[in-house]
Amino acid sequence: MELKALLKKLDFKCIQGNMGREITCVAFDSRKVSEGSLFVCIKGAVSDGHKYALKAVEAGACTLVIEDDVENIPENITVIKVKDSRYALACISAEFFGNPAEKLKVIGITGTKGKTTTTYLVKSILENAGHKCGLIGTIEIIIGDRIIKADNTTPESYVLQKYFSEMVKAGCDCVVMEVSSQGLMLHRTAGFTFETGIFTNIEPDHIGPHEHKDFEDYLHCKSLLFKQCRHAVINIDDKHSDYIISHTNCDIVTYGFGENADLRASDVKLMKNNGSLGVSYTVSGKVNMNVEINLPGKFSVYNSLTAIAICKQFGIDNASIQKALRYAKVKGRIEMIDISDDFTLMIDYAHNAMALESLLSTIRDYKPKRLVCLFGCGGDRSRERRFSMGEVSGKLADLSVITSDNPRTEDPQAIINDILTGINKTTGKYVEIPDRRKAIEWVIHNARKGDIIILAGKGHEDYQEINGVKYPLDERDVIAEVIAGIKQ
Numbered sequence: 137m138e139l140k141a142l143l144k145k146l147d148f149k150c151i152q153g154n155m156g157r158e159i160t161c162v163a164f165d166s167r168k169v170s171e172g173s174l175f176v177c178i179k180g181a182v183s184d185g186h187k188y189a190l191k192a193v194e195a196g197a198c199t200l201v202i203e204d205d206v207e208n209i210p211e212n213i214t215v216i217k218v219k220d221s222r223y224a225l226a227c228i229s230a231e232f233f234g235n236p237a238e239k240l241k242v243i244g245i246t247g248t249k250g251k252t253t254t255t256y257l258v259k260s261i262l263e264n265a266g267h268k269c270g271l272i273g274t275i276e277i278i279i280g281d282r283i284i285k286a287d288n289t290t291p292e293s294y295v296l297q298k299y300f301s302e303m304v305k306a307g308c309d310c311v312v313m314e315v316s317s318q319g320l321m322l323h324r325t326a327g328f329t330f331e332t333g334i335f336t337n338i339e340p341d342h343i344g345p346h347e348h349k350d351f352e353d354y355l356h357c358k359s360l361l362f363k364q365c366r367h368a369v370i371n372i373d374d375k376h377s378d379y380i381i382s383h384t385n386c387d388i389v390t391y392g393f394g395e396n397a398d399l400r401a402s403d404v405k406l407m408k409n410n411g412s413l414g415v416s417y418t419v420s421g422k423v424n425m426n427v428e429i430n431l432p433g434k435f436s437v438y439n440s441l442t443a444i445a446i447c448k449q450f451g452i453d454n455a456s457i458q459k460a461l462r463y464a465k466v467k468g469r470i471e472m473i474d475i476s477d478d479f480t481l482m483i484d485y486a487h488n489a490m491a492l493e494s495l496l497s498t499i500r501d502y503k504p505k506r507l508v509c510l511f512g513c514g515g516d517r518s519r520e521r522r523f524s525m526g527e528v529s530g531k532l533a534d535l536s537v538i539t540s541d542n543p544r545t546e547d548p549q550a551i552i553n554d555i556l557t558g559i560n561k562t563t564g565k566y567v568e569i570p571d572r573r574k575a576i577e578w579v580i581h582n583a584r585k586g587d588i589i590i591l592a593g594k595g596h597e598d599y600q601e602i603n604g605v606k607y608p609l610d611e612r613d614v615i616a617e618v619i620a621g622i623k624q
């Protein structure tokens with residue numbers, strides 16, 4: 137592809153070289169450069185691509201895209217200077233793959249909580265109505281029948297455009313994706329227009345030296361999605377919705393429980409049947425129907441309202457939406473594991489105090505005989521998270537089972553001791569079982585009629601990281617092994 141064509145969405149300056157280059161490949165990792173490549177020097181959290189410019193040239197790159205000056209580049213190499221090389225990578229990648237997002241209806245979901253669940257709800261409804269829908273999110277990327285394990289919530293822009301291109305080839309007409317604040321801040325979603333952008337909610341999170349400097353920056357980055365959408369769907373019950381609305385450049389549909397919401401939820405009822413938890417409610421306003429969903433709690437109402445609002449923009453009828461919501465299931469997000477009619481067992485990704493408190497408070501509303509919470513905490517992360525998770529579980533669970541999560545390079549017992557510091561601030565009962573497999577076996581063997589048991593922290597993960605090594609550990613497999621042992 138000709139260099140000029142790749143740069144047509146950008147303001148740039150040609151520092152040296154020939155603009156008539158034929159580009160065979162676009163790369164942002166010098167190890168993936170081949171003959172005839174255009175290499176984009178981007179600044180990462182760990183390393184700066186400008187330091188690898190000469191290495192890329194030696195590997196065959198004929199063109200460099202830079203934002204900072206680079207010295208000693210051979211005269212036969214074309215050098216393009218831009219204001220922001222990450223933004224440039226996004227626009228160049230879109231052109232390189234033929235602007236595949238223009239052939240798809242791209243749905244982007246941003247917010248602190250609810251992104252993952254809502255993407256699966258939307259995909260379920262759209263496919264139930266006959267659409268072929270791709271998915272890009274925290275757990276996985278789904279392209280037709282292919283499933284690719286995800287590295288980031290929102291992939292780097294080149295990878296994202298590659299996925300879009302593969303979805304078009306697989307016959308997809310739409311894609312639903314999680315859009316992280318980091319992804320927006322780093323221009324991973326630049327270079328195309330979303331059909332619909334969704335704001336679920338926002339709470340203080342992802343604030344630190346390698347993420348956002350403060351909450352204001354976090355909120356601002358979330359709002360960037362709504363500068364590149366044709367339509368917006370916004371949770372008007374969130375206290376920061378006014379800010380998002382004021383930074384939105386398109387038509388808006390709101391949802392929530394309040395009278396001013398375009399889609400209003402009311403008459404919410406909790407459902408509990410044979411070890412399964414769910415919720416039913418009525419939608420009124422721009423959409424009028426009754427809804428049942430086999431996911432518990434108020435946040436499941438919000439997530440499903442979001443999905444309804446999006447799918448109504450696709451002209452999907454109420455019956456199709458109702459059917460899809462009734463059977464929707466999300467791996468590792470309040471995922472019910474059906475092993476007994478006497479007690480409820482679920483897996484959830486809640487791995488910080490905020491998520492754990494929200495989950496336990498929600499499940500408390502179902503009035504279990506005992507609420508049992510099995511959890512650990514990740515190593516090489518803030519110690520404060522351990523104290524606060526211990527305190528939350530001690531206050532809200534009837535029994536906490538403290539075990540390991542991903543200790544990574546830390547001593548598992550040291551992490552457990554920190555959790556105990558938090559739980560001992562409460563009067564909550566607990567047992568300590570460091571081996572997670574044995575802990576899961578223990579809670580199943582010691583389950584009582586009417587219990588609700590939560591395995592928190594791992595969710596969709598199928599490994600446990602110990603001393604820098606990832607060992608296979610899928611909680612679904614562990615549960616199946618325990619049940620098989622009981623049957624024998």
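When the letters of the sequence shown are read in order and numbered with our numbering, they come out as residues 137 to 624.
Glycine residues also receive a C-beta, built at the ideal position from the N, C-alpha and C atoms.
Every value quoted in this text rests on a predicted model; they were computed, and no experiment measured them.
The straight-line gap separating the alpha-carbon atoms of VAL304 and ASN288 is approximately 22 Å.
In the DSSP assignment, SER359 falls within the unbroken alpha helix (DSSP H) covering 351 to 359. Taking every protein chain shown into account, the CB of ALA237 has 16 or more other CB atoms within 10 angstroms, so this residue is buried.
When only Cα atoms are considered, SER456 and GLU263 end up about 10 Å apart.
Between ALA265 and ASP453, the gap from beta carbon to beta carbon is short of 9 Å.
A buried status is given to ASN542, since no fewer than 16 other beta-carbon atoms sit within 10 Å of its beta-carbon. Here the stretch 266 to 276 makes no contact with the stretch 330 to 341; the two share fewer than three CB pairs at distances below 8 Å. Taking the Cβ atoms as the reference, ILE216 lies roughly 5 Å from PHE148, within the contact range of under 8 Å. Using a 10 angstroms sphere on the CB of VAL605, the tally of other CB atoms stays under 16, which defines it as exposed. Nearest to VAL508 by alpha-carbon distance, out of ILE483, ILE245, ASN488, LEU200, is ILE483.
Classified as exposed, ALA620 has fewer than 16 neighbouring CB atoms from the shown chains inside 10 Å of its CB.
In this chain, the beta strand (DSSP E) harbouring PRO608 covers 605 to 608.
Annotation for MET321: the continuous alpha helix (DSSP H) segment containing it runs 317 to 321. Within the stretch 255 to 281, the beta strand (DSSP E) runs of at least 3 residues that lie entirely inside it are, in chain order, 269 to 272, 276 to 279. When ASP547, ILE602, VAL528, ASP598 are compared, the shortest CA-CA separation from TYR566 is found for VAL528.
In the structure shown, THR252 adopts helical secondary structure according to DSSP, grouped into three states. TYR599 and LYS422 have their C-alpha atoms some 44 Å from each other.
Residue pairing by DSSP places ALA401 opposite VAL419 in a beta bridge. Shown here for GLY433: same chain residues with a beta carbon closer than 6 Å to its own, the five before and five after excluded, namely THR498 in chain order. CA-CA distance, ILE602 to VAL415, rounds to 38 Å.
A direct Cα-Cα distance of roughly 16 Å separates ASP387 from ASN396.
With a cutoff of 9 Å on beta-carbon distance, THR214 and LEU200 are scored as near each other. Where LYS241 is concerned, the enclosing beta strand (DSSP E) starts and stops at 241 to 246. Put simply, the stretch 324 to 336 touches the stretch 230 to 246. At least three CB pairs are less than 8 Å apart.
Collapsing the DSSP output to three states places THR390 in a strand. A distance below 9 Å separates the beta carbons of HIS596 and ARG469. When the five nearest sequence neighbours on each side are left out, the beta carbons in the same chain lying within less than 7 Å of the beta carbon of VAL437 are those of ALA401, VAL404, VAL415, TYR417, in order along the chain.
Under the 8 Å Cβ criterion, the stretch 165 to 177 does not count as touching the stretch 244 to 254, having fewer than three qualifying pairs.
Distance check between VAL466 and each of GLU352, GLY394, LYS561, ASN430 places ASN430 closest, using alpha-carbon atoms only.
Comparing alpha carbon positions, the residue from ARG517, ASP613, GLU292 closest to ALA230 is GLU292.
Here DSSP, grouped into helix, strand and coil, assigns GLN364 to coil.
In this structure, GLY392 is the residue among GLN549, VAL176, GLY319, GLY392 with its C-alpha nearest to the C-alpha of ASP373.
The Cβ atoms of THR255 and LEU296 do not sit closer than 9 Å to each other. DSSP, reduced to helix, strand and coil, places GLY411 outside both helices and strands of the structure shown, so it counts as coil. Straight-line spacing of the CA atoms in ILE446 and VAL258 works out to 7 Å. Around the Cβ of THR563, a 10 Å sphere holds fewer than 16 other Cβ atoms; the residue is exposed.
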